[in-house]
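There are 2 protein chains.
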Amino acid sequence: MEHLFITPAGRLRERWKQAFPGARAAVAVAEIGEATSGPRGIVWLDIASLPPAERSAEVQAAAAFGWPVVVMAATPGESEAFQLLNQGAVGYCHVKAAPEQLREIALVVEHGGFWMPPELMQRFIALSTRVVPTEAPVEPELNELTSRELMVAEQVAHGASNREIAAALDITERTVKAHLSAIFEKLGVRDRVQLALAMNNIPTYSTVN
Amino acid sequence: MEHLFITPAGRLRERWKQAFPGARAAVAVAEIGEATSGPRGIVWLDIASLPPAERSAEVQAAAAFGWPVVVMAATPGESEAFQLLNQGAVGYCHVKAAPEQLREIALVVEHGGFWMPPELMQRFIALSTRVVPTEAPVEPELNELTSRELMVAEQVAHGASNREIAAALDITERTVKAHLSAIFEKLGVRDRVQLALAMNNIPTYSTVN
DNA sequence: ATGCACATTGTACTTTTGGACAGGTAGGCG
DNA sequence: CGCCTACCTGTCCAAAAGTACAATGTGCAT
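Top line first, the protein sequences correspond to chains A and B. For the first sequence, the tail end lands on 209 under UniProt numbering, and the numbers increase by one without skipping. For the second sequence, the tail end lands on 209 under UniProt numbering, and the numbers increase by one without skipping.
Put into structure tokens, the structure is as follows:
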């Protein structure tokens with residue numbers, strides 16, 4: 001496994017040599033543009049001192065080389081991270097990552113995985129759930145609901161509190177609760193939050209319990 | 001490195017034994033709920049024959065165990081993948097993945113990486129660039145949330161209770177409440193119901209008081 | 001008339017939620 | 001070094017939500 005560090009300085013940092021004794025350094029990927037047929041390796045791209053505008057192109061060039069590309073940034077930022085990963089990088093870490101960290105990353109990417117700081121990963125996954133189309137809409141059997149229950153359910157679907165519902169329907173809060181209990185039972189939801197989501201055709205996980 | 005396969009059948013498939021000769025099998029994570037202090041291992045969760053509704057909870061439970069969780073699905077779908085990763089899984093593969101593949105995945109996740117099929121990863125990246133881009137906020141206010149707050153908000157957006165959120169994020173209920181208070185303040189909503197609706201771009205008319 | 005579903009309300013209770021007040025830690029920054 | 005932010009936690013408390021075990025009334029169908 002070869003390790004190729006692309007860095008403006010053109011020379012390896014101590015940290016890198018510690019991580020991979022046999023590592024090589026270069027100023028640009030173009031400098032070694034033919035080893036595609038040799039043994040697999042990893043390209044480590046130091047973009048810390050690169051103008052932001054050139055980074056994307058640099059990653060593309062490195063990715064074109066055929067080896068997994070790990071980007072090393074000085075100030076890991078989420079928008080940059082994903083832009084660069086989108087350009088073909090498979091790793092994104094801090095330029096001052098410890099040797100052990102680098103070896104971990106190497107293991108991950110050489111086996112087809114992606115690597116980025118855990119916080120970033122968490123955040124992106126969280127964000128993704130917002131845009132990924134969730135099929136399987138849990139279409140509630142609203143037919144099961146009586147007319148009065150349906151009124152209450154609609155109020156909840158719009159975020160109303162029990163007190164507000166009581167006022168709107170001119171009934172007691174107690175009665176609202178009674179209707180709600182019946183609704184929960186019929187629709188198989190646990191509480192008003194899940195009801196509100198179900199009424200808007202939004203699936204809920206953690207429906208258990 | 002221990003390999004624990006959670007599968008309804010309770011017994012190892014040939015493929016798994018080939019991949020990890022020392023692997024163990026169990027019907028549920030609860031069955032072995034104390035080895036947290038022992039050597040690190042990986043939990044392989046077979047959700048192929050599990051009702052979709054229970055999968056999320058199962059992943060949560062497995063994640064609570066403390067080991068990296070790899071979900072094995074019969075028909076890998078992107079929405080499910082992201083949901084389950086959001087529940088704490090760090091891997092998502094086909095239940096019939098080849099032994100070599102499993103070993104690759106094991107290497108990746110045991111070194112802190114994430115693994116999912118390349119197509120999914122591509123899709124994931126592509127989607128994320130749509131959400132994250134610097135100055136293209138889908139909901140401007142969401143940018144005000146910190147990373148942790150966003151995670152909590154996501155959970156609420158899917159109907160989770162404080163207790164479930166606490167378990168999922170491995171924090172106390174108190175902390176969840178703290179985050180929620182901050183979220184309510186920042187997003188200008190009154191309670192978790194309105195937050196859940198707001199997160200799903202559903203207007204609420206009773207925002208007053 | 002009898003049974004039944006629906007709507008309504010009551011009391012009492014547990015659970016959940018959310019806020020108030022008060023900390024503690026860790027990392028980044030001037 | 002303080003200062004700030006994010007993150008995490010605690011106790012105490014009050015409101016809201018939800019459940020359990022009721023009762024009452026109305027209309028409708030068998």
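We treat Cβ as the ideally placed atom computed from N, Cα and C, and that holds for glycine.
8 Å Cβ cutoff, residue i in contact with chain B
| i | result |
| --- | --- |
| I42/A | no |
| H94/A | no |
| W115/A | yes |
| V71/A | no |
| E149/A | no |
| M121/A | yes |
| L102/A | no |
| H158/A | yes |
| H3/A | no |
Residue environment, residue i, which counts as buried when at least 16 other CB atoms sit within 10 Å
| i | result |
| --- | --- |
| S147/A | exposed |
| D46/A | buried |
| T204/B | buried |
| R163/A | exposed |
| A136/A | Note on A136/A: pLDDT 39, under 50, position unreliable in the model; the coordinate value appears next. Exposed, by the Cβ-count rule. |
| A53/A | exposed |
| S161/B | buried |
| A74/B | exposed |
| E100/A | exposed |
| S49/A | exposed |
| N86/B | buried |
| A157/B | buried |
| M199/A | buried |
| A19/A | buried |
| A57/A | exposed |
| E154/B | buried |
8 Å Cβ cutoff met for residue i and residue j
| i | j | result |
| --- | --- | --- |
| G10/A | V29/A | no |
| E149/B | H111/B | no |
| T7/B | A23/B | no |
| V95/B | M116/B | no |
| residue 275/A | L84/A | Because residue 275/A is not part of the residues shown, which for chain A are 1 to 209, the question remains open. |
| A182/A | E173/A | no |
| L187/A | L197/A | no |
| F114/A | V90/A | yes |
| residue 213/B | L107/A | As displayed, chain B neither begins before 1 nor continues past 209, which places residue 213/B out of reach and without an answer. |
| G41/A | V59/A | no |
| R192/B | V193/A | yes |
| A98/A | R13/A | no |
C-beta neighbour in chain A for residue i, strict 8 Å
| i | result |
| --- | --- |
| V108/B | yes |
| G112/B | yes |
| T204/B | yes |
| N143/B | no |
| N200/B | yes |
Check: residue i C-beta below 7 Å from any heavy atom of the ligand HEM
| i | result |
| --- | --- |
| N86/A | By its list of ligands, the structure shown contains no ligand whatsoever, and the ligand HEM lies outside what it can speak to. |
Would you list, in chain order, the members of the region 171–197 of chain A that have their beta-carbon closer than 7 Å to a beta-carbon of chain B? R192, V193, Q194, A196 and L197
Are the region 77–97 of chain B and the region 67–74 of chain A touching, with three or more C-beta to C-beta distances below 8 Å? no
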